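Take a look at the structure below.
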């Protein structure tokens, strides 16, 4: 087992991320491995639709453009590239990289990982893929691969695979693997770890945030790590940015994956110098006995129209058009009809736009006819027969298909996890021998509450940060305090009941609170707030990206000593 730290960088957090990040990371400093994360629930649906049109498609074509002028540099510097850009067709992308390297005259060894595609076993799915772990990646790297392409692996597997290969970790090295999972989770969303999308961005010099650099992690043999970035790049790394990313799209204290269950309640963070945060203390447990499978299927068809209501009598105008549209749609009513009135208008406004509110109508149905011409005709026919100032943001179309994301679970042994080496050899990756059911972790002891004192009405975000995201139809909202006293108040103030008051959409939904005292944080999971997932676009913010910022804007009675 080597004692040398492994330096893993990230150059992509999503399909469409900054195209020059790969070159920036290669030229900015020393690295051993570069990882590119391209896959999200919605991305898998997009790639599945690509594959319907062209069976040879199904991977992130932008990756090829990114590496075309950097493969030689990576080879020269000895930096290995590991990416899940293979999407639904990792073998196809691996072959395309080989052909590209051949044309460029670069002697690259390209391997890939397969076995995640279970679509054939799930009739009616556009794509059904198991979330594999990192040991297939590790096999490819141990055999000498310069580039490893995967399909659907967990985002953190892009770090656990290289770490397991570098340090010789076994599947039973749970604590070490948990450390790599945490480091990989911090890296996976790119610049979210270096100041991007950060709750307290307004405290920073705007020059710090114009172009955040991408993160890297120095992973040590015991699984601990230091998150940092290349010198001279934008953004910043501190305990807050790392805390925010740790809470992103997670749930309780047990963060389950195919290689290990990482105990997020054991993680400790410490500033280790400018733009350096040390992560240590992680404990790991055997992974659960099943693998998550993400299924994307066609949910039906949707259409929408946004009516612009300007000036006086906004509520009355909204009521009139709702009645008119309801009458028109009653002949052949869609299965799902939703209205939202956004009061973006201001009294005595200086511009027409700021005098206007937006009334949004969204309809869904398995039958495209019920959401197409029926809706568009009804809306346009009101042009001269409805409220004063009638107009719409854009004419409604004929209705478009939408997807639905679902989680199902299968035993590890039901998935053929295979590393396909650069020389064509195939190595089967055995499922873990040790597994453990995911039991709830008892709530930890909370700190003593602050003593009584004067309070002031102020936004929650004055004393707490937040970051939120989606997992299927559920959303998580991670909220953290930056001082011990703020944590003492937050831990007792922000209960499930209080969250439901501050976020009325959650009032009738199951909400679970997970305290993480080491991070001075609370993580809430709100079930069903996103309907059938991001592709269904069930709400204004379908991925819950800004749910945390809405929460921070809500007012509470905050102790004056914290303000």
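Residue numbers (our numbering): 5 to 567.
C-beta atoms are modelled at their ideal positions from N, C-alpha and C, and glycine is treated no differently.
What you are looking at is a predicted structure, and each value in this text was computed from that prediction instead of being measured.
Count the other CB atoms, across all protein chains shown, that sit within 10 Å of the CB of residue 547; report buried if there are 16 or more and exposed otherwise. buried
Does the stretch 107 to 121 come close enough to the stretch 146 to 159 that 3 or more CB-CB pairs lie under 8 Å? yes
Along the chain, where does the beta strand (DSSP E) that runs through residue 378 open and close? Unbroken run through residue 378 is the alpha helix (DSSP H), 377 to 384; no beta strand (DSSP E).
Would the beta-carbon of residue 151 fall within 7 Å of that of residue 114? yes
Distance between residue 493 and residue 452 (C-alpha atoms, nearest Å): 9 Å
For the alpha helix (DSSP H) that residue 94 lies in, which residues bound it at each end? 94 to 108
What are the start and end residues of the beta strand (DSSP E) that includes residue 431? 430 to 432
With a cut-off of 8 Å on the beta carbons, I'd call residue 513 and residue 531 a contact; round off their distance for me. 6 Å
Quick one: Cα of residue 542 to Cα of residue 103, how far? 42 Å
Could you tell me whether the Cβ atoms of residue 339 and residue 369 are closer together than 7 Å? yes
Going by the DSSP bridge assignment, what does residue 484 pair with across the sheet? 469, 525
Can the beta-carbon of residue 511 be found closer than 7 Å to that of residue 528? no
Nearest CA to the CA of residue 419: which residue from 72, 10, 140, 66? 140
Per DSSP, which one or two residues make a beta bridge with residue 404? 306
Taking the alpha-carbon positions, what's the residue 464 to residue 560 distance? 6 Å
Can you find the residues in the same chain that come closer than 7 Å, C-beta to C-beta, to residue 204, ignoring five residues on each side of it along the sequence? 244, 469
As assigned by DSSP and simplified to three states, the class of residue 535: coil
Proximal residues to residue 314 (C-beta, below 7 Å), its chain only, five neighbours per side dropped: 356, 359, 360, 393
Could you check how far apart the C-beta atoms of residue 268 and residue 281 are, in whole angstroms? I think they sit under 8 Å. Residue 268 to residue 281, Cβ: 15 Å. No contact.
As an exercise, report each continuous beta strand (DSSP E) stretch of at least 3 residues that is fully enclosed by the stretch 487 to 525, in chain order. 515 to 520
C-alpha gap between residue 439 and residue 213, whole angstroms: 43 Å
Does residue 343 come out as helix, strand or coil in the three-state DSSP assignment? strand
Would the stretch 71 to 82 and the stretch 21 to 29 be scored as touching if the rule is three or more Cβ pairs under 8 Å? yes
May I ask which residues mark the beginning and end of the alpha helix (DSSP H) holding residue 70? 65 to 72
I'd like to check one pair, residue 462 with residue 551: are the Cβ atoms closer than 7 Å? no
How big is the Cα-Cα spacing for residue 211 and residue 240? 11 Å
Touching or not, the stretch 216 to 226 and the stretch 314 to 329, by the rule of three or more beta carbon pairs under 8 Å? no
Can you look up residue 38 in the DSSP assignment and give me helix, strand or coil? strand
Look at the alpha carbon of residue 257 and the alpha carbon of residue 443, and state the distance between them as a whole number of angstroms. 10 Å
Between the alpha carbons of residue 375 and residue 312, how many angstroms are there, rounded? 20 Å
Beta-carbon proximity of residue 297 to residue 433, cut-off 7 Å: no
Span separating the alpha-carbon of residue 553 from that of residue 109: 49 Å
Could you pull out every residue in the same chain whose Cβ sits closer than 8 Å to the Cβ of residue 23, ignoring the five residues on either side in sequence? 66, 69, 70
Three or more C-beta pairs under 8 Å: does that hold for the stretch 344 to 352 against the stretch 376 to 395? no
Start and end residues, alpha helix (DSSP H) containing residue 133: Where residue 133 is concerned, there is no enclosing alpha helix (DSSP H), although the beta strand (DSSP E) it sits in stretches over 129 to 134.
Helix, strand or coil: which one does DSSP assign to residue 224? coil
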